[in-house]
Amino acid sequence: MNDFSDALLTRISYADGAGIDTTKACLEGTGTEILDEIKGWVTTTHANALQVLWLSGPAGTGKSAIAHSATTPSTRHERLFPTIALDLAARIPSLRDSLNKLTTSQPAIATTADVTQQWRKFLQEPLTNIPGGIAEPVVIVIDALDESGGPLSRSHILSILASDVPKLQSSFRIPFTSRPLLDIGASGVRLESMDKLSQPSTKHDTQFYSSWRLQGVEGLGNQGFTQLAWKSEVYSNGRASRANASNMHWDSLQKESVLKNSR
Numbered sequence: 005m006n007d008f009s010d011a012l013l014t015r016i017s018y019a020d021g022a023g024i025d026t027t028k029a030c031l032e033g034t035g036t037e038i039l040d041e042i043k044g045w046v047t048t049t050h051a052n053a054l055q056v057l058w059l060s061g062p063a064g065t066g067k068s069a070i071a072h073s074a075t076t077p078s079t080r081h082e083r084l085f086p087t088i089a090l091d092l093a094a095r096i097p098s099l100r101d102s103l104n105k106l107t108t109s110q111p112a113i114a115t116t117a118d119v120t121q122q123w124r125k126f127l128q129e130p131l132t133n134i135p136g137g138i139a140e141p142v143v144i145v146i147d148a149l150d151e152s153g154g155p156l157s158r159s160h161i162l163s164i165l166a167s168d169v170p171k172l173q174s175s176f177r178i179p180f181t182s183r184p185l186l187d188i189g190a191s192g193v194r195l196e197s198m199d200k201l202s203q204p205s206t207k208h209d210t211q212f213y214s215s216w217r218l219q220g221v222e223g224l225g226n227q228g229f230t231q232l233a234w235k236s237e238v239y240s241n242g243r244a245s246r247a248n249a250s251n252m253h254w255d256s257l258q259k260e261s262v263l264k265n266s267r
């Protein structure tokens, strides 16, 4: 019963489109302030470090870019924990073996929509029983939790994140992103906000992004990029946009307008 592809992938649902999308990640050289904060949190050995981090912020502030830069994001509520379990099983042989035995002895559990059962059977129970534990940090990113399902399933997942993740060994870290929501604010979760980014950091990111998007435009030098960091539409409400390059298309008239307004 150790045939991973046959015993697991045909029984447990894996979400389409799950995984990292480098086209959605931060432009290299941007987002360093919050990414450094997350990396420090992941690698800390402090005994009281919280294992779940919530990165919040309004739409368009770069939460998903941070998530796709930090590591591999997960997906919709009903397939969230099965997808995480399959990803981890591909890397942890003892978890793979446990899931093989589980799906063989309890076939119905492989397709359950009960997120609590998914968490306990696919992750919590087998991971806590791994001989010797897992030495290296395990980072699981959940992007756009507020957009991945309804309020009821989200409430169950939030309860698990706040109450059950600390039952795993301390090497596990789960950052998740969402817009600010009243039902997300559980104790036991580290809170971070895109609004907390320092002004120099956001200004740097915007100038960097603007210069990258407009490279090769005649007449627009470093001073123009600095002014553009404050005037461009990619700088909104004091926040640097980390939108994918494909979202912005500049024709000759737009470039001329940018040149004019940056002087």
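First residue of the sequence shown? That's 5 in this note's numbering, and the numbers climb one at a time after it.
Ideal Cβ positions, reconstructed from N, Cα and C, are used throughout, including at glycine.
Check, Outcome
"Within the stretch 77 to 156, ranges of the alpha helix (DSSP H) (whole runs, at least 4 residues)", "81 to 93, 97 to 109, 119 to 122, 129 to 132"
"Own chain partners of Lys67 with C-beta closer than 7 Å, once the 5 adjacent residues on each side are dropped", "Leu59, Gly61, Thr181, Met198"
"Ala247 - DSSP class collapsed to helix/strand/coil", "Note that Ala247 scores a pLDDT of 39, beneath 50, so its modelled location is shaky; the value from the coordinates is reported in the next line. If DSSP states are grouped into helix, strand and coil, Ala247 belongs with coil."
"Alpha-carbon spacing of Val193 relative to Leu54, whole angstroms", "6 Å"
"Identity of the residue in Glu196, Pro184, Phe176 nearest Thr48 by Cα", "Phe176"
"Classification of Asp40 by the beta-carbon crowding that lies within 10 angstroms, buried from 16 upward", "exposed"
"Residues bridged to Arg177 (per DSSP)", "Val143"
"Residue burial classification, Lys171 (beta-carbon count within 10 angstroms, cutoff 16)", "exposed"
"Segment contact, 8 Å Cβ cut-off, at least three pairs: the stretch 111 to 126 with the stretch 158 to 166", "yes"
"Asp10, DSSP secondary structure in three states", "Confidence at Asp10 is low in this model, with a pLDDT of 48, below 50, so its placement is unreliable and the value that follows should be read with caution. Note: Asp10 maps to helix in three-state DSSP."
"Residue(s) in a DSSP beta bridge with Ser197", "Ser60"
"Candidates Gly154, Ser109, Glu151, Gln173: closest to Asn133 by CA position", "Gln173"
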